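J.: What follows is a single structure, and I will ask about it in a moment.
Pasting the structure below:
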């Protein structure tokens with residue numbers, strides 16, 4: 012056999028490297044490829060032939076890699092376009108030059124589109140001998156079809172823990188001190204991350220992109236809660252929006268140099284409304300920023316295992332010469348036990364779709380989520396891996412692109 | 012013996028309840044008092060005779076209490092003034108009425124002032140039979156004399172871990188993507204918390220209140236770092252200020268209803284400067300808000316033990332009838348091993364003083380801290396307690412004032 016190549020793309024997660032570790036380890040246990048190479052900075056680095064040999068990674072490095080957040084191979088924002096035959100041709104030349112049979116791409120929506128594009132280009136041009144396989148990751152939990160998205164569980168655990176602990180903090184002063192806390196999570200289009208805060212059982216108000224935001228309804232609800240207990244804990248998705256689609260954070264939203272909408276400040280916007288309506292003089296905000304997707308010190312064991320085993324399965328499935336343009340997906344058989352079944356689907360069917368938080372799992376009046384939502388999310392945050400500590404802090408693998 | 016009373020005050024920490032747990036456990040192991048009562052919401056609740064009996068706390072509750080962040084007894088912002096003889100008289104009447112011999116007050120600067128005030132009032136009025144003992148806690152590490160302040164170690168560990176993990180996140184994209192990250196920590200007057208981020212070894216720029224901030228010097232430094240590696244990791248204290256004392260966050264600072272300055276937005280102010288100077292189009296901000304003082308899921312074991320043992324020692328020391336107006340302090344004998352010696356000092360000598368971060372531990376050009384600073388801080392973040400988990404999240408004791 013030739014080599015396989017692994018690359019990562021899109022936003023980091025706390026377990027994206029666990030999938031990489033699983034791929035490397037799988038090939039050490041059951042040799043399918045002569046070598047496992049990492050491609051640095053996704054497609055962008057592959058086009059520049061920036062590779063690192065991971066074949067003989069030590070077991071210790073593999074263990075530490077599993078607990079290292081963010082992409083150890085580096086990510087890119089370079090989008091491979093199907094009409095860009097120059098890029099596509101170049102990639103196949105590079106794969107041939109280095110005797111690379113299989114490419115595993117760990118990423119989200121865009122990465123699955125890349126997998127589909129490469130497989131389609133090969134089919135169209137009758138190029139055989141290559142496989143392109145997608146391994147999903149996303150903190151947003153918004154990929155369609157797969158019931159479990161590695162990355163979400165750890166982010167959910169971190170968010171729910173943070174909600175629980177900052178709620179305890181919010182409550183320390185007597186009723187005479189009226190206080191409001193607003194936690195902002197990521198989630199441009201889907202409310203999964205914000206909803207995960209409800210696992211803590213303390214959320215008074217939840218605002219997600221799936222339900223149009225109404226300022227007056229919101230303020231009424233805050234007023235009611237403040238009258239009742241003088242403290243109010245609010246969680247909001249960065250992508251919260253009004254009926255007309257305008258973001259709640261509008262004043263703070265801007266378009267970045269790559270044309271993507273950069274959100275931020277939904278919590279600040281709500282804080283402003285609360286202060287203006289004089290519902291409380293004290294309104295603290297916590298925007299979890301990139302900490303929520305990189306909080307590997309609080310990884311969920313269920314999430315790490317799902318990510319790692321996905322990598323293991325991907326290598327095994329790639330033994331089939333016709334296995335290309337596929338994404339590994341996960342199905343749950345027994346939600347309580349978190350027993351997972353790995354299967355595969357066309358990468359094409361995942362790319363460019365978003366799975367929203369189910370409306371029927373949301374309670375009215377921004378009152379959080381239903382028991383069904385909790386039953387779905389709870390298994391995803393179970394367990395804590397034994398974190399290897401050096402000098403009091405989690406050990407990590409220095410990103411390969413910095414070595 | 013009569014009863015003892017424990018109360019908490021000031022801002023929450025991740026281990027303030029460990030000291031409470033130590034007091035309760037100490038009296039179970041070696042009975043000094045007939046009962047251990049908790050006073051709800053500090054001096055404010057004591058004046059209202061709001062008590063809870065903790066004498067027979069189960070071992071399990073005691074273990075969970077140790078890992079519960081924020082004040083389980085509730086805190087207050089009520090300041091006991093020495094000239095307010097009405098309050099002082101009332102407190103002694105209440106103590107006598109309930110046969111309370113000793114009051115342990117777990118708190119910061121203001122709480123030590125309360126301890127000193129009560130002891131002074133008793134001495135002045137020849138009231139005997141009561142002891143007032145302070146147990147320090149603060150995330151800020153700014154209490155004078157004590158070398159170790161319970162609360163700081165856990166906050167430092169959380170901040171350093173967050174810095175490490177968000178730094179990995181910051182770096183994932185290629186050099187072509189210029190990015191800056193700004194982490195804001197608490198620290199109104201002292202830079203300890205911001206400095207603790209340097210334990211991660213990744214901080215490019217550190218801005219603390221102890222060193223006057225200069226906008227041009229700062230921007231020059233950022234520019235140099237960006238030219239060198241296209242990513243820059245900045246940490247700033249909320250209390251960062253210019254030479255004339257104006258806060259960097261000035262635009263966002265306001266005075267709260269109690270006359271305290273509420274800071275916020277130092278990081279946002281720096282972000283604004285960076286965007287205006289066009290040093291980077293991407294500049295993400297993370298203000299850790301109350302999460303940093305309540306992150307008990309990532310407690311430092313060294314910190315929990317210091318807090319717990321302080322409670323144990325306080326009870327033992329209180330056997331001496333003349334032991335009043337004192338604060339328990341901690342001295343380190345062997346920094347590496349974190350061997351602690353508990354001793355006591357006049358509470359008066361702690362109240363209203365601030366211990367700044369030593370200037371000689373700061374490197375020039377905002378370049379972080381020296382090896383001596385790291386050698387001081389490193390032992391404080393060692394170890395992780397076994398956290399009891401329920402349903403995937405840390406178990407906690409529901410605050411007694413909500414039970």
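Residue numbers (the working numbering), protein chains in the order written: chain V, 12 to 414; chain H, 12 to 414. Yeah, the Cβ is synthetic: ideal placement off N, Cα and C, and Gly gets one too. Only a predicted model underlies this, so the values are computations on that prediction, with no experimental measurement involved.
With 7 Å as the limit, tell me which residues of the segment 157-170 of chain H have their beta carbon closer than that to any beta carbon of chain V; keep them in chain order.
T.: 168
J.: Beta carbons nearer than 7 Å to chain V: which residues of the segment 83-98 of chain H have them?
T.: So the close ones are 85, 86, 87 and 88.
J.: Consider the Cβ of residue 177 (chain H): report whether some Cβ of chain V lies at a distance smaller than 8 Å.
T.: Stepping through the second chain from its first residue, residue 177 (chain H) is reached at position 166. Yes, because at least one Cβ of chain V sits closer than 8 Å to the Cβ of residue 177 (chain H).
J.: Taking the alpha helix (DSSP H) that residue 239 (chain H) falls in, what are its first and last residues?
T.: Start at 1 with the first residue of the second chain, and residue 239 (chain H) comes out as number 228. First-last of the alpha helix (DSSP H) with residue 239 (chain H): 226-240.
J.: Using a Cβ distance threshold of 8 Å, determine whether the segment 41-55 of chain H contacts the segment 12-30 of chain H, with at least three qualifying pairs required.
T.: yes
J.: What is the rounded straight-line gap between the Cα of residue 116 (chain V) and the Cα of residue 178 (chain H)?
T.: Indexing the first chain from 1 puts residue 116 (chain V) at position 105. Indexing the second chain from 1 puts residue 178 (chain H) at position 167. Distance between the alpha carbons of residue 116 (chain V) and residue 178 (chain H) is about 23 Å.
J.: State the start and end residues of the unbroken alpha helix (DSSP H) segment that holds residue 278 (chain H).
T.: Translated into positions along the second chain, residue 278 (chain H) becomes position 267. Unbroken alpha helix (DSSP H) run through residue 278 (chain H): 277-287.
J.: Considering only DSSP beta bridges, list what residue 195 (chain H) is partnered with.
T.: What you label residue 195 (chain H) is simply residue 184 of the second chain in a count that begins at 1. Note: residue 195 (chain H) sits in a beta bridge opposite H:247 and H:298.
J.: Taking the Cβ atom as the reference point for each residue, do residue 337 (chain V) and residue 318 (chain V) lie within a distance shorter than 8 Å?
T.: Working through the first chain from its first residue, we reach residue 337 (chain V) at position 326. Working through the first chain from its first residue, we reach residue 318 (chain V) at position 307. No, these two residues do not count as a Cβ contact at 8 Å.
J.: Out of V:280, V:250, V:253 and V:394, which one is the CA nearest neighbour of residue 4 (chain V)?
T.: Since the first residue shown for chain V is 12 and the last is 414, residue 4 (chain V) is missing from the structure and cannot be characterised.
J.: What does residue 305 (chain V) reach in chain H if we use C-beta pairs closer than 7 Å?
T.: Position 294 of the first chain, counted from the start, is the residue given in the question as residue 305 (chain V). In chain order: 176, 177, 179 and 180.
J.: Which of helix, strand or coil does DSSP assign to residue 331 (chain V)?
T.: For the purposes of this step, residue 331 (chain V) is identified with residue 320 of the first chain, where counting begins at 1. When DSSP states are grouped into helix, strand and coil, residue 331 (chain V) belongs to the coil group.
J.: Any Cβ of chain H within less than 8 Å of the Cβ of residue 301 (chain V)?
T.: Taking the first residue of the first chain as position 1, residue 301 (chain V) is located at position 290. It does; some Cβ of chain H falls within 8 Å.
J.: Tell me, to the nearest whole angstrom, how far the beta carbon of residue 403 (chain H) is from that of residue 389 (chain V); I am working on the premise that it is less than 8 Å.
T.: Translated into the one-based positions of the second chain, residue 403 (chain H) becomes position 392. Translated into the one-based positions of the first chain, residue 389 (chain V) becomes position 378. With a Cβ gap of about 6 Å, residue 403 (chain H) and residue 389 (chain V) count as contacting.
J.: Can you tell me which of the three DSSP states residue 364 (chain H) falls into?
T.: The residue given as residue 364 (chain H) occupies position 353 in the second chain. It is coil, neither helix nor strand.
J.: Would you call residue 352 (chain V) buried or exposed, if buried means 16 or more other Cβ atoms sit within 10 Å of its Cβ?
T.: Here residue 352 (chain V) refers to the residue found at position 341 when the first chain is read from its first residue. Under this definition residue 352 (chain V) is an exposed residue.
J.: Going by alpha carbons, who is nearest to residue 143 (chain H) out of H:159, H:192 and H:124?
T.: Here residue 143 (chain H) is taken as the residue at index 132 of the second chain, counted from 1. Closest option to residue 143 (chain H), Cα to Cα, is H:124.
J.: Kindly list, in the order they appear in chain V, the residues whose Cβ is closer than 7 Å to that of residue 402 (chain H).
T.: Position 391 of the second chain, counted from the first residue, corresponds to residue 402 (chain H). Residues of chain V passing the Cβ test: 389.
J.: Work out the CA separation of residue 52 (chain H) and residue 20 (chain H) for me, nearest whole Å.
T.: Against the second chain, residue 20 (chain H) aligns to sequence position 9. Against the second chain, residue 52 (chain H) aligns to sequence position 41. Approximately 7 Å, taken between the alpha carbons.
J.: Take the Cβ of residue 122 (chain H) as the centre, count every other Cβ of all protein chains shown within 10 Å, and call the residue buried at 16 or more, exposed below.
T.: The residue you call residue 122 (chain H) lines up with position 111 of the second chain. Residue 122 (chain H) is buried by the Cβ-count criterion.
J.: Could you check if residue 365 (chain H) is buried or exposed, using at least 16 other CB atoms within 10 Å of its CB as the buried criterion?
T.: Position 354 of the second chain, counting from 1, holds the residue named residue 365 (chain H). Of the other Cβ atoms in all chains shown, fewer than 16 fall within 10 Å of the Cβ of residue 365 (chain H); this residue is therefore exposed.
J.: So is residue 399 (chain H) buried or exposed if we call it buried at 16+ other beta carbons inside 10 Å?
T.: Walking along the second chain from the start, residue 399 (chain H) turns up at place 388. Per the 10 Å Cβ criterion, exposed.
J.: Please name the residue or residues paired with residue 190 (chain H) in a DSSP beta bridge.
T.: Taking the second chain and counting its residues from 1, the one referred to as residue 190 (chain H) is at position 179. In the DSSP output, where bridge partners are listed per residue, residue 190 (chain H) has H:242 and H:293.
J.: Hey, is residue 183 (chain H)'s beta-carbon within less than 8 Å of any beta-carbon in chain V?
T.: The residue you call residue 183 (chain H) lines up with position 172 of the second chain. Chain V contact via Cβ: present.
J.: Could you tell me the distance, in whole angstroms, from the CA atom of residue 408 (chain V) to the CA atom of residue 253 (chain V)?
T.: Residue numbering aside, residue 408 (chain V) sits at position 397 when the first chain is read from its first letter. Residue numbering aside, residue 253 (chain V) sits at position 242 when the first chain is read from its first letter. Going from the Cα of residue 408 (chain V) to the Cα of residue 253 (chain V) covers about 43 Å.
J.: According to the neighbour-count rule (16 or more other Cβ atoms, all chains shown, within 10 Å of its Cβ), is residue 419 (chain V) buried or exposed?
T.: As shown, chain V starts at 12 and ends at 414. That puts residue 419 (chain V) outside it, with no answer to give.
J.: Mapping the DSSP letters down to three states, classify residue 63 (chain H) as helix, strand or coil.
T.: By one-based count along the second chain, residue 63 (chain H) stands at place 52. In this structure, residue 63 (chain H) counts as strand in the three-state DSSP scheme.
J.: Inspect the CB distances between the segment 173-190 of chain H and the segment 228-248 of chain H and report whether three or more fall short of 8 Å.
T.: yes
J.: Got a sec: is the Cβ-Cβ distance from residue 52 (chain H) to anything in chain V below 8 Å?
T.: As a position in the second chain, residue 52 (chain H) is number 41, starting the count at 1. So, interface residue.
J.: Residue 340 (chain V) to residue 146 (chain V), Cα distance in whole Å?
T.: Within the first chain, the letter at position 329 stands for residue 340 (chain V). Within the first chain, the letter at position 135 stands for residue 146 (chain V). Spanning the two alpha carbons is a distance of roughly 8 Å.
J.: In the segment 185-202 of chain H, which residues sit with their C-beta less than 8 Å from some C-beta in chain V, listed in chain order?
T.: 185, 188 and 192
J.: Which residues in chain V sit within 9 Å of residue 392 (chain H), going by Cβ to Cβ distance?
T.: Stepping through the second chain from its first residue, residue 392 (chain H) is reached at position 381. Those are 402, 403 and 404, listed as they occur along chain V.
J.: With 16 as the cutoff for other CB atoms within 10 Å, does residue 60 (chain V) come out buried or exposed?
T.: By one-based count along the first chain, residue 60 (chain V) stands at place 49. By the 10 Å Cβ count, residue 60 (chain V) comes out exposed.
J.: Which runs of the beta strand (DSSP E) at least 3 residues long sit entirely within the segment 21-99 of chain V? Give them in chain order.
T.: 46-50 and 62-64
J.: Compare the C-beta of residue 296 (chain H) with all C-beta atoms of chain V and state if any pair is closer than 8 Å.
T.: By 1-based counting over the second chain, the position of residue 296 (chain H) is 285. Chain V, which has a Cβ nearer than 8 Å to the Cβ of residue 296 (chain H), makes this yes.
J.: From the DSSP output, which residues share a beta bridge with residue 15 (chain H)?
T.: Numbered from its first residue, the second chain carries residue 15 (chain H) at position 4. According to DSSP, which records beta bridges pairwise, residue 15 (chain H) is partnered with H:47 and H:113.
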